[in-house]
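Okay, structure first, notes after.
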Ligand SMILES: [Zn+2]
């Protein structure tokens with residue numbers, strides 16, 4: 116990869132990086148404790164508007180998955196040539212609070228994806244731009260040794 | 018409550034019709050429905066209609082005649098036709114006029130829909146990073162459903178196989194070629210577990226109904242179809258809908274479930290009374306989910322029903338007798354009224370080679386779509 120490339124991190128505002136590592140940010144309803152991702156300014160569960168920013172964590176389990184086999188059209192901005200497109204995994208990850216977060220997965224091989232498997236938050240690059248690296252959050256399998264079970 | 022009847026049905030063939038605008042296809046459908054009812058456009062006292070990509074429905078007056086009638090534009094996505102029908106029924110019941118028209122039509126660009134994140138209240142990253150695809154949503158929902166309820170890929174194949182088999186019996190269907198089990202099972206993965214022949218395509222077409230109070234219906238036709246229920250509902254917090262960056266911890270029943278229950282209650286019948294069924298089948302997985310959400314079986318029972326042929330035309334629960342969206346494509350504005358027309362033809366026993374045997378008495382239609390809407394009708398034979 117071009118070391119002079121600029122990085123476009125589309126989801127930086129959804130993440131916090133500290134000595135404990137990377138965590139996903141969201142919000143929590145002060146009235147009924149429902150969690151939201153990305154953060155919301157009102158609660159569709161109880162209609163309250165008193166919301167507080169919160170951390171959703173970095174670890175969860177795979178709740179559902181698919182593989183994006185064809186190159187998406189706009190608004191996808193990967194920009195790779197059709198022949199360079201690589202299928203990518205997409206899933207919902209169930210976080211400790213119970214909220215399921217939709218995310219790209221670092222794995223696109225159906226044989227390596229299984230509902231219930233532990234996953235953790237990472238940053239990943241996508242697309243084919245030479246001058247700009249496109250970066251976003253993704254989830255990766257946490258325990259590769261056990262994946263094949 | 019005053020009973021309302023469908024006295025005329027009309028369609029413009031679904032599929033691709035180059036050189037004919039969506040509005041012209043809608044106007045064609047209205048003319049066919051007027052002819053079927055034996056009335057003229059200037060007798061129509063109210064019209065409701067819509068399209069997603071085909072322009073305003075009230076512009077159909079430029080094709081049909083500028084008679085000054087109140088013509089209301091409806092924009093409820095997949096539930097456009099169902100909302101138009103429910104609105105005409107309410108208008109006729111109110112006594113404001115005697116004859117009404119519900120119409121839906123569409124003409125989509127080729128290929129998948131191209132959503133804009135801001136239109137959905139979402140930030141740009143959701144689209145940019147490749148998460149904003151309807152096919153992904155259907156796949157993720159189907160994958161989870163299959164896991165929770167023990168449904169296998171075999172069921173996905175059988176839904177598509179039946180759709181194309183019924184399409185081959187339907188003279189106006191877009192896809193009229195039967196596909197083998199292997200052709201479907203081995204077709205290209207789009208978003209696993211869903212493959213190419215398990216998805217419907219955007220299409221074009223028009224569908225229209227003429228309605229009046231049931232007490233007047235025999236002045237126009239020998240075979241009026243009674244509207245026993247026409248209901249539209251939207252989602253609750255916690256239902257699994259398209260373009261959701263997250264899902265709530267606790268799941269809520271889908272809008273289909275609430276629309277379905279309200280329709281059964283309005284009609285005073287249950288799923289066991291229904292003889293012919295049209296369900297939203299944007300993809301094989303959706304139809305499987307909708308079979309249970311509309312009360313026709315338990316969750317997880319679908320695979321057995323499909324294997325036993327229970328959802329075939331001569332089965333106990335004939336589903337999507339005209340091939341559904343899979344064989345007809347999905348012109349969003351027209352799709353729900355196509356279902357209503359197919360059920361009318363079945364109840365009038367005019368469905369030809371795909372006629373459900375045994376004089377079906379009650380029919381059911383169901384649409385479901387973004388951003389979490391569903392419309393259900395229950396119709397009764399003449
Ligand atoms: Zn709340």
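Chains as they are written, first to last, in the numbering used here: chain P, 116 to 264; chain E, 18 to 399. All C-beta atoms, glycine included, are put in the ideal place defined by N, C-alpha and C.
- Taking C-beta separations shorter than 7 Å and ignoring five residues to either side along the sequence, the partners of residue 191 of chain E in its chain run 31, 32, 220, 344, 345, 346, following chain order.
- Residue 146 of chain P has its CB nearer than 8 Å to a heavy atom of ligand 1.
- Following the DSSP letters along the chain, one finds residue 177 of chain P inside the beta strand (DSSP E) bounded by residues 174 to 183.
- As far as DSSP is concerned, residue 232 of chain E takes part in no beta bridge.
- Secondary structure of residue 210 of chain E (DSSP, three-state): coil.
- Within chain E, the residues whose beta carbon sits less than 7 Å from that of residue 179 of chain P are 157, 160, 161, listed in sequence order.
- For residue 158 of chain P, the distance from the CB to the nearest heavy atom of ligand 1 is below 8 Å.
- Proximity of the beta carbon of residue 163 of chain P to ligand 1 is indicated: a heavy atom of the ligand is located closer than 8 Å.
- When the beta-carbon positions are compared, residue 155 of chain P and residue 166 of chain P come within less than 9 Å of each other.
- DSSP, read as helix, strand or coil, puts residue 179 of chain E in helix.
- For secondary structure counted as the alpha helix (DSSP H) over 4 or more consecutive residues, the stretch 121 to 194 of chain E holds these complete runs in sequence order: 141 to 145, 151 to 166, 170 to 184.
- Contact of residue 263 of chain E with chain P is assigned, a C-beta pair being separated by under 9 Å.
- Closest in C-alpha terms to residue 65 of chain E, from the list E:227, E:139, E:212, E:208, comes E:227.
- Where residue 215 of chain P is concerned, the enclosing beta strand (DSSP E) starts and stops at 215 to 220.
- Beyond the five residues adjoining it in sequence on each side, residue 186 of chain P comes within less than 8 Å, by CB distance, of 193, 195, 197, 200 in the same chain, given in chain order.
- For residue 57 of chain E, the number of other beta carbons within 10 angstroms of its own is below 16, and it is reported as exposed.
- Under the Cβ criterion (8 Å, minimum of three pairs), the stretch 266 to 281 of chain E counts as touching the stretch 387 to 397 of chain E.
- Residue 211 of chain E is a Cβ neighbour of residue 301 of chain E, given a cutoff of 9 Å.
- Taken from the Cβ of residue 134 of chain P, every heavy atom of ligand 1 lies 8 Å or farther away.
- Counting only the Cα atoms, residue 182 of chain P lies some 22 Å from residue 152 of chain P.
- When DSSP reads this structure, residue 130 of chain P sits in a beta bridge with P:139.
- Residue 167 of chain E and residue 324 of chain E have their alpha carbons spaced roughly 15 Å apart.
- Chain P places a beta carbon closer than 9 Å to that of residue 153 of chain E, counting this residue as a contact.
- DSSP places residue 29 of chain E in no alpha helix (DSSP H) but in the uninterrupted beta strand (DSSP E) bounded by 21 to 32.
- The closest heavy atom of ligand 1 lies 8 Å or more from the beta carbon of residue 267 of chain E.
- For the stretch 196 to 208 of chain E, the beta-carbon criterion of a distance under 7 Å to any beta-carbon of chain P is satisfied by 206, 207, 208.
- Using beta-carbon distances, residue 132 of chain E counts as an interface residue toward chain P, with a partner under 9 Å.
- Within chain E, 263, 265, 266 have C-beta atoms less than 9 Å from the C-beta of residue 150 of chain P, given in sequence order.
- Contact annotation: in the stretch 211 to 240 of chain E, no residue has its CB less than 7 Å from a CB in chain P.
- The continuous beta strand (DSSP E) containing residue 379 of chain E extends over residues 379 to 386.
- Residue 362 of chain E is classed as buried because its beta carbon has at least 16 other beta carbons within 10 Å across all chains shown.
- Classified as exposed, residue 122 of chain P has fewer than 16 neighbouring CB atoms from the shown chains inside 10 Å of its CB.
- A distance below 7 Å between beta-carbons, with the five flanking residues on each side excluded, links residue 240 of chain E to the following residues of its chain, in chain order: 365, 399.
- For residue 239 of chain P, the uninterrupted beta strand (DSSP E) run begins and ends at 233 to 241, by DSSP.
- As DSSP reads the structure, residue 295 of chain E sits in a beta bridge with E:382.
- Taking a beta-carbon distance threshold of 9 Å, residue 146 of chain E counts as an interface residue toward chain P.
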